[in-house]
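Just add 1199 to wherever you are in the sequence shown, counting from 1, and you've got the working numbering.
Think of the CB as a built atom: it goes at the ideal place given N, C-alpha and C, for glycine as much as any other residue.
Comments concern the structure below.
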Amino acid sequence: MEYVLTTNTLQKKYHNFTALDNVNMHIPKGAIYGFVGENGAGKTTLIRLICGLQAPTGGSYSLFGVPSSDKNIRKSRQRMGAVVETPSVYLNLSAADNLKQQLRILGVPSFEAIPELLNIVGLENTGSKKAKHLSLGMRQRLGIAVSLAGNPDFLVLDEPVNGLDPQGIVEMRELLLKLNVEYGITILISSHILGELSKLATFYGFIHKGRIIQEISAKALEASCRKSLRASVSDTKALAMAMEEKGVEYQIISETQAEVYDDITVSDLVNILNPKKCIVYSVSSREEGLEKHYMNLITGGALSEPHV
1200 MEYVLTTNTL QKKYHNFTAL DNVNMHIPKG AIYGFVGENG AGKTTLIRLI CGLQAPTGGS
1260 YSLFGVPSSD KNIRKSRQRM GAVVETPSVY LNLSAADNLK QQLRILGVPS FEAIPELLNI
1320 VGLENTGSKK AKHLSLGMRQ RLGIAVSLAG NPDFLVLDEP VNGLDPQGIV EMRELLLKLN
1380 VEYGITILIS SHILGELSKL ATFYGFIHKG RIIQEISAKA LEASCRKSLR ASVSDTKALA
1440 MAMEEKGVEY QIISETQAEV YDDITVSDLV NILNPKKCIV YSVSSREEGL EKHYMNLITG
1500 GALSEPHV
């Protein structure tokens, strides 16, 4: 698998506080990588390191295969666009003038790309309206337009939907999906709004107290978080036999409990087990979801080994 970003035992310490503790991270090319962690977990610190805003105190990272110690790392960073913490826009300038300023900073001699950039982020009709008069969602999208001015292959966004109203969140989601699917941009999204992130991400990295505790694809996460019925029965051996005969996936949890998967109702389960003289004492429906998965990772015992 080809990776846009990898980190190797990356560390960042501030005096006696360890913000990042031997972080190993892998962002596949073409992914929307959901970077999940509570406030203070180390998300923004890692983003600041890979953007070159701070230096690590240990370990290393690679961007597009170029090690952070290589003199060409600056060229790799030129393939990145980022919005860190808050959008960097000039509030007294219009959206178009903000883009002109960014293109000048990048040394781009032409402003031909501005109409397309404004169209991509849905700001083509803002005219001469100053950024300070735009809604928060529009300013967020303007910040993304500024980050796109250098035609990046990798976009890094720190809490892009923080503070947005429902309409703004939907607009942001649609924009990010378009950038990923239509323009092929790999995106790292740092967020603690897990319900929204679950609608976007194709890979996840979970960070807790400065450590990556798991990396997992959305497909694998969905499989582990799928719906099931947790059944307490009189005879799990009889349940196993019945499930085998019907081709229903199951897992024996204990002598009296089993997890039954597939699209099966309580009535179906009772009807299947009746001929085996297996009594169903109780049934509960289970669906973990992203938020519960994360909480289980940080509170449910041993930490998971990172994997992709």
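Asked                                                                                                                                        : Found
CB-CB under 7 Å to threonine 1205, same chain, minus the five flanking residues each way: which ones, in chain order?                        : Met1224, His1225, Tyr1260, Ser1261
DSSP three-state label for glycine 1500, please.                                                                                             : Only weak support exists for where glycine 1500 lies, its pLDDT of 40 falling under 50; the coordinates are left without a value.
Over the uninterrupted alpha helix (DSSP H) stretch that includes isoleucine 1313, give me the two end residues.                             : 1313-1319
Using the beta-carbon count (16 or more within 10 Å), is alanine 1417 buried or exposed?                                                     : buried
From the DSSP output, in three-state form, read off leucine 1354 for me.                                                                     : strand
In whole angstroms, give me the CA-to-CA distance for glutamate 1325 and alanine 1294.                                                       : Strictly speaking, residue 1325 in this sequence is threonine, with glutamate absent from that position. Approximately 7 Å between the Cα atoms of the pair.
Does DSSP put tyrosine 1289 in a helix, in a strand, or in coil?                                                                             : coil
Comparing alpha-carbon positions, which option in Glu1370, Val1307, Ser1397, Glu1458 lies nearest serine 1484?                               : Glu1458
When DSSP builds the beta bridges, which residues end up paired with glutamate 1458?                                                         : Arg1429, Gln1450
Answer with buried or exposed for alanine 1501, where buried requires no fewer than 16 other C-beta atoms within 10 angstroms of its C-beta. : With a pLDDT of 39 at alanine 1501, under the threshold of 50, the predicted position of this residue should be treated as unreliable, though the coordinate-derived value follows. Burial call: exposed.
Which value, in whole angstroms, describes the spacing of the CA atoms of leucine 1438 and isoleucine 1463?                                  : 14 Å
Identify the continuous beta strand (DSSP E) that holds isoleucine 1388 and give its terminal residues.                                      : 1385-1390
Is phenylalanine 1234 near glycine 1349, with beta carbons less than 8 Å apart?                                                              : no
Are cysteine 1250 and alanine 1218 closer than 8 Å when you measure CB to CB?                                                                : no
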